[in-house]
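Chemist: Using UniProt numbering, the first residue of the sequence shown is number 1, and each one after it goes up by one. Beta carbons: idealized from backbone N, C-alpha and C, even for Gly. Every value quoted in this text rests on a predicted model; they were computed, and no experiment measured them.
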Amino acid sequence: MAKKPEEPLFVEPEFNEREFLETEKDRAKSTIVVFLIGALLGILSAYLDLLGYAYLSVLLIIVFILFIAKMLQAMNIRIPKRTSHKFYTYAVLFFSWLIFWIIFLNAPFHTLTGPQFTSLEYDNSGTWTAVPNHSGTYNVPSGPVSYKMYAYYIHPFNVTMNYVPAGGTSPISISSNLHNNYLYFNLTGNAGTTYDVYIHWYSNSNVKQTPFELTISVS
Numbered sequence: 001m002a003k004k005p006e007e008p009l010f011v012e013p014e015f016n017e018r019e020f021l022e023t024e025k026d027r028a029k030s031t032i033v034v035f036l037i038g039a040l041l042g043i044l045s046a047y048l049d050l051l052g053y054a055y056l057s058v059l060l061i062i063v064f065i066l067f068i069a070k071m072l073q074a075m076n077i078r079i080p081k082r083t084s085h086k087f088y089t090y091a092v093l094f095f096s097w098l099i100f101w102i103i104f105l106n107a108p109f110h111t112l113t114g115p116q117f118t119s120l121e122y123d124n125s126g127t128w129t130a131v132p133n134h135s136g137t138y139n140v141p142s143g144p145v146s147y148k149m150y151a152y153y154i155h156p157f158n159v160t161m162n163y164v165p166a167g168g169t170s171p172i173s174i175s176s177n178l179h180n181n182y183l184y185f186n187l188t189g190n191a192g193t194t195y196d197v198y199i200h201w202y203s204n205s206n207v208k209q210t211p212f213e214l215t216i217s218v219s
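Spelled out as structure tokens, the structure:
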């Protein structure tokens, strides 16, 4: 009796080049679209962060990670079937979002560095005179005096000022005006008193930033 030929345990499927190319084409298309979505989300997140809503930026990316598959389906873009390919898609979305968020929070697109105030001067009978500075303390004459400080900044900002006398707790407002890169303000100082003066600056989005502080000692 003739012996039956043994059947192979595994038959390697025939390689379908056309199907392979279509799959790679769909992967490339989904990667590009997801990258662009992540970039736009990063820019929007940076803007929300500057407005003081960083938590919305985090919620935004979470929502898009959860629903990116349905969004791609709505745009008639095939979703990768393999788990590793799906993970790669989510990674592209997350890291493109994070990178563009960081980029647009920094120069040259934006700077988180506030304005720099230097060179305190006072009105000395119609002549602007530099105020001497000793160990970070400005020594000024007593009485009502007009002052100005040079303000270096990149982005426009709003400003308010107040001061607290030595030993005091309640801040007192100071009238001020920002004009042509100079901050003008008035202060009536009592002899022998030290004042902590605070310059509060706000970006155009009216988000309050860390105030600039200077110490003034009245002689």
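Do you know offhand how far Glu121's Cα is from Ser45's?
Modeler: Glu121 and Ser45: Cα-Cα distance of roughly 41 Å.
Chemist: Am I right that residue 224 and Tyr163 are in contact with their C-beta atoms under 8 Å? What's the rounded C-beta distance?
Modeler: The structure shown does not extend to residue 224, since the chain is modelled only from 1 to 219, so the question has no answer here.
Chemist: From what residue to what residue does the alpha helix (DSSP H) around Leu51 run?
Modeler: Element bounds for Leu51: n/a, residue is neither H nor E.
Chemist: Can you pull the DSSP bridge partners for Trp201?
Modeler: Val159
Chemist: Where in the region 118–180 do unbroken runs of the beta strand (DSSP E), each at least 3 residues long, occur, reported from the N-terminal end onward?
Modeler: 127–130, 137–140, 143–152, 158–165, 172–174, 176–179
Chemist: If you pair each beta-carbon of the region 45–64 with each one of the region 88–106, do three or more pairs fall below 8 Å?
Modeler: yes
Chemist: Apart from the five residues just before and just after Tyr198, which ones in its own chain have a Cβ nearer than 8 Å to its Cβ?
Modeler: Met161, Asn162, Tyr163, Val164, Pro171, Pro211, Phe212, Glu213
Chemist: Who does Gly189 pair with in a DSSP beta bridge?
Modeler: Gly143
Chemist: Should Val58 go down as buried or exposed, given a rule of 16 or more other Cβ atoms within 10 Å for buried?
Modeler: exposed
Chemist: With a threshold of 16 other CB atoms inside 10 Å of the CB of Tyr195, please say whether the residue is buried or exposed.
Modeler: By the 16-neighbour rule on beta-carbons within 10 angstroms, Tyr195 is buried.
Chemist: Shortest alpha-carbon distance to Ser125 belongs to which of Glu24, Tyr138, Val145?
Modeler: Val145
Chemist: Quick check on Trp128: buried or exposed, where buried means 16 or more other Cβ atoms within 10 Å of its Cβ?
Modeler: exposed
Chemist: State the DSSP-derived secondary structure class of Phe95, mapped to helix, strand or coil.
Modeler: In the three-state DSSP reduction, Phe95 falls in the helix class (H, G or I).
Chemist: Under the rule that 16 or more other beta-carbon atoms within 10 Å means buried, what is Tyr138, buried or exposed?
Modeler: That one is buried.
Chemist: List the whole-angstrom C-beta distance separating Phe104 from Gly42, where the pair is believed to meet the contact cut-off of C-beta under 8 Å.
Modeler: 7 Å
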